[in-house]
Every structure is written in structure tokens, then in C-alpha cells.
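Participant: One structure coming up, written as C-alpha cells, with questions to follow.
There are 2 protein chains.
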Amino acid sequence: MLGPSHNSFRPIAYYMDLILYLRQHITLSPELEAQVQEAFKKEELPKGYRLLSPNNFSQKVFYIEKGVVRTYYIKDGKDITHSFILEGTFFVSIESAFFNSPSPYGAEVLEQSTIRTIPYQDLEKVIDGFQPLQKLSRLVMIGAVKTFSDKLYSIQFQSAQERYNSMLEKFPDIMLRVPLGHIASYLGITQETLSRIRAGKV
Amino acid sequence: MLGPSHNSFRPIAYYMDLILYLRQHITLSPELEAQVQEAFKKEELPKGYRLLSPNNFSQKVFYIEKGVVRTYYIKDGKDITHSFILEGTFFVSIESAFFNSPSPYGAEVLEQSTIRTIPYQDLEKVIDGFQPLQKLSRLVMIGAVKTFSDKLYSIQFQSAQERYNSMLEKFPDIMLRVPLGHIASYLGITQETLSRIRAGKV
DNA sequence: GATACTTTTTGATTTAGATCAAAAGCATTG
DNA sequence: CAATGCTTTTGATCTAAATCAAAAAGTATC
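So the sequences go chain by chain: Z and P. Each step along the first sequence adds one to the number in our numbering, with nothing skipped, and position 199 is 199. Each step along the second sequence adds one to the number in our numbering, with nothing skipped, and position 146 is 146.
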């Protein structure tokens, strides 16, 4: 799953239109803009809507204009949060789109969200036709690598307490928007431990 | 640190010339080939050679034609292996090259190696000039994302024993080429624990 | 406002793996 | 082939966080 690149200074805007997002990063010709508008289908999705199910194929690329999406997988029957994806972020199942295998992850909408969707094949065609998009797509990938690299570091080298603290610092808003259990599994700890950390009983 | 994309079926070739590598993935015009040959400086580096030091800047992009490189960082005074990089792989400090901050990681040569080097700025220029390279660089990024994603999964959800087993399975050669201590820190465990696992005393 | 359901907290116990310390194996070198 | 310096293994103890179980708090429903 290619997720957020939280590292890039994300404005605390609760709406990030796709075209505006692109304009922030590259110069859009009217032609490209039209193609993007056309190619990315826009949908309003309700809380709980399942964008993809674990162990299924999905070659769709999503862009969150508004809302929160959670990706997760099922390990030993338990639901583990893999990432939270906020407005202004692309995501896609790496496994499905790039490696042609089923996605181990599922994705569900946590709040009523506005999401734009495009099949990966179509996106590739659009990208190939426009130089600036090629550059942007590389940047998006770099952001994703950084995100994973940072998360790996935190899981491998930080204590539960440290991870909680830095999450509070980096994403104070997410802590308020999603239930504790999801936060805990995202941090790689149990809900009980997270509860104890919050209570300072640790 | 952008590391290996082990997922892509890497041949057990102990030499992977840069041009041959590129030819496997894209069509090289004679012009592009000449530019690549020119731009990537080739060096023979001895065991122990330090390609980059933790907490320094380095905007260089490396490609391993032959040998093994280890990236690591220092956590609480301890040297922790972050990745092993084998022949046929590009790597670069994400932090330095893309985010303009010092690299938390160092990199050292573990065996006498043949390595090609290019400043990131120069590489960007070459990439921008050639459509096929743009595509390839996206693929390399995707591979890196997958590698991190997989490693994150294994650290977060597999036991030490499981991680050891899957490493044995995926990279039997690496286990024979590098000292145990490096393997252990790469797996996120102590050398003692790894030793016990190997002895089946766990 | 009592009933049922969900989420969070608290408590007791267990465990995987870390830490500390030392012994055993293995190489290199003079 | 002793002497020295690594690398790996073994042993004893400790600890962060998991697990299991239940209580408390919060929210929604009739």
C-alpha cells in the first residue's frame, strides 16, 4: 500500500481539490487540466465505505480530496491499522497496481469523504503523456518511501511511549478523528498499552 | 536511505554492469548509453570503505555493479544495520538528495566492490532528458517502497524466528556473506537472540 | 431514564526478547 | 603453534509490552 507522505508539510486544510493540489506542485496546461478532470472520477463516500478488501485485486488509484481513509490488514484474525490517509494524498495498492498480486491490505472510509478514482492503467497513460506529471509521480513515490522509512524507524527503535508522543506531535488532528483502537494498532501496540500510556501509568 | 528492491527477481549474478542492467529494463539509444557511461563514474572500492557517514550530507547516487554495501545508523551508541545492498541496485540517501537534510544513515562497503557514482543533480538532468529513464526511475522508486513496506510488515508482525526464516529463504546468499551481528541488527534483534534461534534453542 | 452496545481503562499474569557476563570457536600473525 | 583478537554461543536474569479478564465510562435506542 502506498500511503501518505506526511513528511511534506501538509496544510491543515480539510479540503484539497485535486487540481489545486497539482497546481501547487507543477504547472498545468489547460489541456492537462482537462484530461485530469476527465480521468479522475469524483465520488462522495459515506463513513464505513470499503474502498478495497484485504486479499483482493484493485488497480485503482485514489486521491483523497476530503476525509480520512484507513488502510489495514488482518493478522491472526485481528484488524491492524497500516496507515491513515488524509486529504491531499494519493494512494494505491502497490501489490496490485505494480506487482500484480492481491493486496494484503483493505481500505475503508472513516469519515464521509470526497475521493477521486482512476484505474492505474489510465493514470499511466496520462502520466506518460505529460512531462510535469512524470516528475510529480516520482516525487509522490519519494514521499512514500520517506514515510515508510520513517515509520520503520519508529517501530524498530522507538518505545511505545516515544511513538505515541511523536504521533501526537505530528498528527494531533488524527488522534481526535479516529478511535483509540485504530491508533494503537497503527502504533504497533495494544489498545490496553496505549490506554496506560495516555494515563501516564507507564 | 533508498535501498534495494529485493522483491524484483534479482538474478544471482555477482556482477551486474550498469548498462546491462538498464538494457534489461528499457531500450537504450546509443546517445543515452554514451551519456550514462560518461555520467556515472566507476570506482573499485575496498572492504571497509565508507561511502557515507551518519549525519552528513551526501547527494550522491550509487549503483552497485559488484559487491555488498551495508547501510546503518547509530542508535544509543549501537550500530544498527538498516539494509544490505547487493549488485544490481541503486541507492541514495533520501534525506539528503530529496529532502535536503543530513542523512541519518551511513554506508560502508562490506566486500571489495565496483560502484558507480553520480551526483543527484546530474542524474536528474540525465533523467529529465530521456523518457525511458523517467519510467525506470519511477520503477526503482516503486521497488523501494515495496521493500520498505515489506520490511515494516516483518518487523511489526513477525516474530524473530519468522523474520530469520524468511530472510534465509529470500536471501540465502547474504547470510553467508556478512557477519552475524549485522544480520541480527538488520532483523531488529540482538546477536544473542539470533544465535539462539539458529541453534534451535527457542 | 433504564437497557444495551461500544469504547476505554484497570488489574493480574505471562512471555518474547533484551541485557549482562562469560565461555567457546575460529582466524590471523609473528 | 602459542598469542591475540574477533565472532559466535551459552547461561542467568530482567523488562516492556502482550494477554486475559473484568470493570468503568460513554453513547445510542427505545
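C-beta: ideal position from N, C-alpha, C; glycine also.
When the Cα atoms are used, what is the spatial distance from residue 27 (chain Z) to residue 14 (chain Z)?
Facilitator: Straight-line Cα distance between these residues: approximately 23 angstroms.
Participant: Quick one: grab the DSSP three-state call for residue 135 (chain Z).
Facilitator: DSSP, reduced to helix, strand and coil, places residue 135 (chain Z) within a helical segment of the structure shown.
Participant: Where does residue 101 (chain P) fall in DSSP's three states?
Facilitator: coil
Participant: Hey, quick one: how far does the alpha helix (DSSP H) through residue 129 (chain Z) stretch, first residue to last?
Facilitator: 120-129
Participant: Using a Cβ cut-off of 8 angstroms, pull out every chain P residue sitting near residue 23 (chain Z), in sequence order please.
Facilitator: Near residue 23 (chain Z) there are no residues of chain P at all, since even the closest Cβ is about 21 angstroms away, more than 8 angstroms.
Participant: Please confirm if residue 98 (chain Z) has its CB atom under 7 angstroms from at least one CB of chain P.
Facilitator: yes
Participant: Tell me, please, which residues DSSP counts as bridged to residue 53 (chain Z).
Facilitator: According to DSSP, which records beta bridges pairwise, residue 53 (chain Z) is partnered with nothing at all.
Participant: How would you write the range of the alpha helix (DSSP H) that residue 31 (chain Z) sits in, first residue to last?
Facilitator: In the DSSP assignment, residue 31 (chain Z) falls within the alpha helix (DSSP H) that extends over 30-39.
Participant: Residues of chain Z with a CB under 9 angstroms from the CB of residue 94 (chain P): which are they?
Facilitator: 142, 145, 146, 149
Participant: Assuming contact is defined by CB atoms lying nearer than 7 angstroms, are residue 96 (chain P) and residue 57 (chain P) in contact in what I supplied?
Facilitator: yes
Participant: Could you check whether residue 21 (chain P) and residue 88 (chain P) sit closer than 7 angstroms to each other, using their CB atoms as the reference points?
Facilitator: yes
Participant: Assign residue 94 (chain P) to buried or exposed, taking buried as 16 or more other Cβ atoms, counted over all protein chains shown, within 10 Å of its Cβ.
Facilitator: buried
Participant: Beta carbons nearer than 7 angstroms to chain P: which residues of the stretch 154-168 of chain Z have them?
Facilitator: 155, 156, 157
Participant: Using only the alpha-carbon positions, how far apart do residue 118 (chain P) and residue 61 (chain P) sit?
Facilitator: 5 angstroms
Participant: Could you name the residues of the same chain whose beta carbon sits closer than 8 angstroms to that of residue 123 (chain Z), not counting the 5 residues immediately before and after it, in chain order?
Facilitator: 39, 61
Participant: Along chain Z, which residues have their Cβ under 8 angstroms away from the Cβ of residue 52 (chain P)?
Facilitator: What residue 52 (chain P) touches in chain Z: nothing, since even the nearest Cβ is about 16 angstroms away.
Participant: Between residue 8 (chain Z) and the rest of its own chain, which residues show a CB-CB distance below 7 angstroms, the 5 nearest in sequence each way excluded?
Facilitator: Reliability fails at residue 8 (chain Z), whose pLDDT of 34 lies under 50, so the model's placement of it is uncertain and the value that follows must be treated cautiously. Here the set comprises 143.
Participant: Output the distance between the C-alpha atoms of residue 41 (chain P) and residue 116 (chain P), rounded to the nearest integer angstrom.
Facilitator: 5 angstroms
Participant: May I ask which residues mark the beginning and end of the beta strand (DSSP E) holding residue 89 (chain P)?
Facilitator: In this chain, the beta strand (DSSP E) harbouring residue 89 (chain P) covers 89-92.
Participant: Find the residues of chain Z that neighbour residue 70 (chain P), judging by a C-beta separation of less than 7 angstroms, and give them in chain order.
Facilitator: Those within 7 angstroms of residue 70 (chain P) in chain Z number zero; the least Cβ separation is about 16 angstroms.
Participant: May I ask you to check if the CB of residue 75 (chain P) is nearer than 6 angstroms to at least one heavy atom of the ligand SAH?
Facilitator: Absence of the ligand SAH from the depicted structure is noted, as is the absence of any ligand whatsoever, leaving it without description.
Participant: Under a CB-based cut-off of 7 angstroms, is residue 152 (chain Z) close to chain P?
Facilitator: The C-beta of residue 152 (chain Z) comes closer than 7 angstroms to at least one C-beta of chain P.
Participant: Report the rounded CA-to-CA distance for residue 11 (chain P) versus residue 151 (chain P), giving the unit in angstroms.
Facilitator: Residue placement at residue 11 (chain P) is flagged as unreliable, the pLDDT there being 34, under the threshold of 50; a coordinate-derived value is accordingly withheld.
Participant: At a Cβ threshold of 7 angstroms, is residue 188 (chain P) touching chain Z?
Facilitator: Closer than 7 angstroms to some Cβ of chain Z, the Cβ of residue 188 (chain P) qualifies, so yes.
Participant: When the Cα of residue 49 (chain P) is compared with those of P:103, P:69, P:168, which residue comes out closest?
Facilitator: Here the closest residue by C-alpha is P:69.
Participant: Under 8 angstroms by Cβ, that's how I've got residue 106 (chain Z) and residue 147 (chain Z) pegged, so tell me the actual separation to the nearest angstrom.
Facilitator: The pair is not a contact, with the Cβ atoms about 19 angstroms apart (cut-off 8 angstroms).
Participant: List, in chain order, every chain Z residue whose beta-carbon is nearer than 7 angstroms to that of residue 137 (chain P).
Facilitator: 138
Participant: At least one CB of chain Z closer than 7 angstroms to the CB of residue 170 (chain P): is that the case?
Facilitator: no
Participant: By a C-beta neighbour count over all protein chains shown, 10 Å radius and 16 as the cutoff for buried, is residue 74 (chain P) buried or exposed?
Facilitator: exposed
Participant: Run through DSSP, which three-state label would residue 171 (chain Z) get?
Facilitator: coil
Participant: Roughly how far, in whole angstroms, is the beta-carbon of residue 66 (chain Z) from the beta-carbon of residue 101 (chain Z), given that I think they are within contact range, below 8 angstroms?
Facilitator: Not confirmed; about 31 angstroms, so no contact.
Participant: Using a Cβ-Cβ distance under 7 angstroms, would residue 125 (chain Z) count as near chain P?
Facilitator: Not closer than 7 angstroms to any Cβ of chain P, the Cβ of residue 125 (chain Z) fails to qualify, so no.
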